[in-house]
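**Q** Here it is: the structure, laid out below.
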Amino acid sequence: MKSEPPEYFWLGIFGLTVISSLSRGNVLKGFIGGFIGVILSTIGVAPVGGNVRFTFNVPELISGVGLIPALVGLFCIPEVIEMILNRSQKHLYQEAKVEKGLFVKTFINVMKKQVDLLRASVIGFIIGVLPGAGGNIANLVAYSEAVRASKHPEKFGTGIPEGVIATETSNNAVVGGGFVPLMTLGVPGTPVDAILYGALLIQGLRPGAELFTRKADVVYTFIAGVIMATFVMVPIGLAFGKGMTKIITKIPLSLLAPVVIFLTMVGSYCVSNNISDVYMMLILGVLGFVLRKLGFEAGPITLGLILGPIIETGLVQGLLIGRKLPQPWMIFVTRPLSWVFIILSAFFLVWPLIRRKRVVDNPGGVRQ
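Here the numbering used here = 1-based position in the sequence shown + 54.
Structure, rendered in structure tokens:
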């Protein structure tokens, strides 16, 4: 079944229902945060038509709000500000200790959660297959489904294993899924895939169906490379991650905070070598800190920023395709896959209300 703009529009709408799980405490504020993210995604050049909007005659806003600067600003800067405000603490973790045999215990506990691993892997792979989705959406959707499936959703956000498994597993599964449209259709779904696509073209290889018949060795080299990279990451992560953790926990906050801010500025600038990304990152960081104090989470805002272009592109292109129908909007309700996303969106939208009602009606029972 071929996916077209109407399906991508409803896929974006379905993704927004994740906000109900990302919002801890106040779902309404979560949806308001998602709306703020969608508004931020409309700044700059329109993905369809090329119109420039909401730039307020500021040339730096023509390129829009970059995803990486926004993520760094909304998630990192508020934490740094909190660190500065709580500078009475000498170290970030004054009594950090590494338990012996912790890796083996953690590995065994993770392997016991086969359902969580399988669910996150499937979600990550499917979203990786969708061009333009990528790991950001996969992380949020997998995390949301982990919250919905959990018997103790109130513990999410405190570092419980189920949340970490969902995000990390789906993030890794996206890599394999992203190779499907890249190698079969020549459509890079993520920036990393776009780099690989360019590398193949430089070598005179054009991704597509013929690549599997004429250059099968290249395809299987990619597959073997992904498998080997998975195993190589384990010793590298253990060797460097453990050492870096010990170092960071011993750095005084007076030194750690400015270093983190400097690294966020460097990271935002290196994405496109544009100083305006650094300004945008700092502005969104301060905005994120203020919104956090008002009860708004960064997750819904980020989700709206990611899904905004997908929703807008699907909406505009769908209306253009639907001009042959009596009413252009009918294109969004005349395709079977669209109805699948409509039903799923409606269900997950009302599910938090159903779950809350079940908890109220059965306060002494196990939370579903």
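Where is the CB? At the ideal position from N, CA and C, for every residue including glycine.
Just so it is clear, the structure is predicted and the values come from calculations on it, not from any experiment.
From Y323 to S117, what does the alpha carbon distance come to, in whole angstroms?
**A** Residue 323 sits at position 269 when you count from the first residue of the sequence shown. Residue 117 sits at position 63 when you count from the first residue of the sequence shown. For Y323 and S117, the distance between alpha carbons rounds to 14 angstroms.
**Q** For the alpha helix (DSSP H) holding V119, just list the boundary residues, first then last.
**A** Here residue 119 refers to the residue found at position 65 when the sequence shown is read from its first residue. Unbroken run through V119: none, as it is neither H nor E.
**Q** May I ask you to report which of helix, strand or coil DSSP gives N297?
**A** By one-based count along the sequence shown, residue 297 stands at place 243. Looking at the sequence itself, residue 297 is Gly, so the reference to Asn does not match. In this structure, G297 counts as helix in the three-state DSSP scheme.
**Q** Cutting at 7 angstroms between CB atoms, please list the residues of its own chain near I315, excluding the five before and the five after it.
**A** Taking the sequence shown and counting its residues from 1, one reaches residue 315 at position 261. The residues are V134.
**Q** Please list, in chain order, all residues of the same chain as E61 whose beta carbon is under 8 angstroms from its beta carbon, the five residues on each side excluded.
**A** Taking the sequence shown and counting its residues from 1, the one referred to as residue 61 is at position 7. Closer than 8 angstroms at Cβ, skipping near neighbours: G368, R389, L391, S392 and F395.
**Q** For V99, list the residues DSSP reports as bridge partners.
**A** Walking along the sequence shown from the start, residue 99 turns up at place 45. In the DSSP output, where bridge partners are listed per residue, V99 has V106.
**Q** For I385, which residues from the same chain have a beta carbon less than 7 angstroms from its beta carbon, with the 5 sequence-adjacent residues on both sides left out?
**A** Within the sequence shown, numbered from 1, the residue matching residue 385 stands at position 331. Around I385: P60, G372, I375, G376 and L379.
**Q** In terms of residue numbering, what span does the alpha helix (DSSP H) encompassing I365 cover?
**A** Start at 1 with the first residue of the sequence shown, and residue 365 comes out as number 311. Start and end: A352 to I375.
**Q** Measuring only the C-alpha atoms, how far is K300 from V158?
**A** Residue numbering aside, residue 300 sits at position 246 when the sequence shown is read from its first letter. Residue numbering aside, residue 158 sits at position 104 when the sequence shown is read from its first letter. Rounded to the nearest angstrom, the two C-alpha atoms are 19 angstroms apart.
**Q** Spatial neighbours of E366 within its chain, please: CB distance less than 8 angstroms, with the 5 preceding and 5 following residues excluded, ordered by chain position.
**A** Reading the sequence shown from its first residue, position 312 is the one you call residue 366. Cβ neighbours of E366 beyond the five flanking positions: S95, T96, A100, P101 and V102.
**Q** Taking M334 and P113 to be in contact with their CB atoms under 8 angstroms, please state how far apart those CB atoms are, rounded to whole angstroms.
**A** Taking the sequence shown and counting its residues from 1, the one referred to as residue 334 is at position 280. Taking the sequence shown and counting its residues from 1, the one referred to as residue 113 is at position 59. The Cβ separation is near 13 angstroms, so there is no contact.
**Q** Looking at the unbroken alpha helix (DSSP H) that takes in F63, where does it start and where does it end?
**A** Stepping through the sequence shown from its first residue, residue 63 is reached at position 9. Counting along the chain, the alpha helix (DSSP H) containing F63 begins and ends at P59 to L70.
**Q** Cα-Cα, which of R107, V119 and G127 is closest to G321?
**A** Here residue 321 refers to the residue found at position 267 when the sequence shown is read from its first residue. G321 has its Cα closest to that of G127, out of R107, V119 and G127.
**Q** Is it right to say S326 is buried, meaning 16 or more other beta carbons lie within 10 angstroms of its own, or is it exposed?
**A** In the sequence shown, the residue the question calls residue 326 occupies position 272. Flag for S326 reads exposed.
**Q** Would you kindly work out how many angstroms separate the C-alpha atoms of F108 and L361, rounded to a whole number?
**A** Position 54 of the sequence shown, counted from the first residue, corresponds to residue 108. Position 307 of the sequence shown, counted from the first residue, corresponds to residue 361. Cα-Cα distance, rounded: 18 angstroms.
**Q** What's the C-alpha gap between T318 and V340?
**A** Taking the first residue of the sequence shown as 1, we reach residue 318 at position 264. Taking the first residue of the sequence shown as 1, we reach residue 340 at position 286. About 13 angstroms.
**Q** Counting pairs of beta carbons, one from the region 165-183 and one from the region 210-227, are three or more of them closer than 8 angstroms?
**A** yes
**Q** Applying the 10 Å Cβ sphere with the 16-neighbour rule, what's the burial state of I329?
**A** Within the sequence shown, the letter at position 275 stands for residue 329. Answer is exposed; the Cβ neighbour count stays below 16.
**Q** Which word fits A44, buried or exposed, when buried means at least 16 other C-beta atoms lie within 10 angstroms of its C-beta?
**A** As shown, the chain starts at 55 and ends at 422. That puts residue 44 outside it, with no answer to give.
**Q** What are the boundary residues of the alpha helix (DSSP H) that includes V134?
**A** For this step, residue 134 is matched to residue 80 along the sequence shown. Where V134 is concerned, the enclosing alpha helix (DSSP H) stretches over I131 to L139.
**Q** Cα separation between T238 and F266?
**A** As a first step, residue 238 must be located in the sequence shown, where it is residue number 184. As a first step, residue 266 must be located in the sequence shown, where it is residue number 212. If I take the Cα positions, the gap works out to 8 angstroms.
**Q** Give the DSSP-derived three-state secondary structure of Q168 in the structure shown.
**A** As a working note, residue 168 is residue 114 in the sequence shown. Q168: helix per DSSP, three-state reduction.
**Q** Just how far apart, CA to CA, sit L403 and I67?
**A** The count along the sequence shown starts at 1 and reaches residue 403 at position 349. The count along the sequence shown starts at 1 and reaches residue 67 at position 13. About 10 angstroms.
**Q** Using CA atoms only, rank isn't needed, just tell me which of F294, L125 and L236 is closest to F276.
**A** By 1-based counting over the sequence shown, the position of residue 276 is 222. Closest by alpha carbon: L236.
**Q** With a threshold of 8 angstroms on Cβ separation, who are the neighbours of H145 within its own chain once the five nearest residues in sequence on each side are excluded?
**A** Counting from one through the sequence shown, the residue named residue 145 turns up at place 91. Legend: pLDDT at H145 = 47, less than 50; position of this residue unreliable, no value from coordinates given.
**Q** Quick check on S204: does DSSP put it in helix, strand or coil?
**A** In the sequence shown, counting from the first residue as 1, residue 204 sits at position 150. Looking at S204 - three-state DSSP - the assignment turns out to be coil, as it is neither helix nor strand.
**Q** Can you tell me whether W383 is buried or exposed, with buried defined as 16 or more other CB within 10 angstroms of its CB?
**A** Within the sequence shown, residue 383 is the residue found at index 329, counting from 1. In summary, W383 is exposed, with fewer than 16 beta-carbon neighbours lying within 10 Å of its beta-carbon over all protein chains present.
**Q** Does DSSP put L348 in a helix, in a strand, or in coil?
**A** Counted from its first residue, the sequence shown places residue 348 at position 294. Three-state DSSP puts L348 in coil, outside helix and strand.
**Q** Alpha carbon to alpha carbon, how far is N163 from L156? Give it in angstroms, no decimals.
**A** In the sequence shown, the residue the question calls residue 156 occupies position 102. In the sequence shown, the residue the question calls residue 163 occupies position 109. Distance between the alpha carbons of L156 and N163: 10 angstroms.
**Q** By Cβ distance, which residues of its chain are closer than 7 angstroms to A311, with the 5 residues on each side in sequence left out?
**A** In the sequence shown, counting from the first residue as 1, residue 311 sits at position 257. The residues are V134, M137 and I138.
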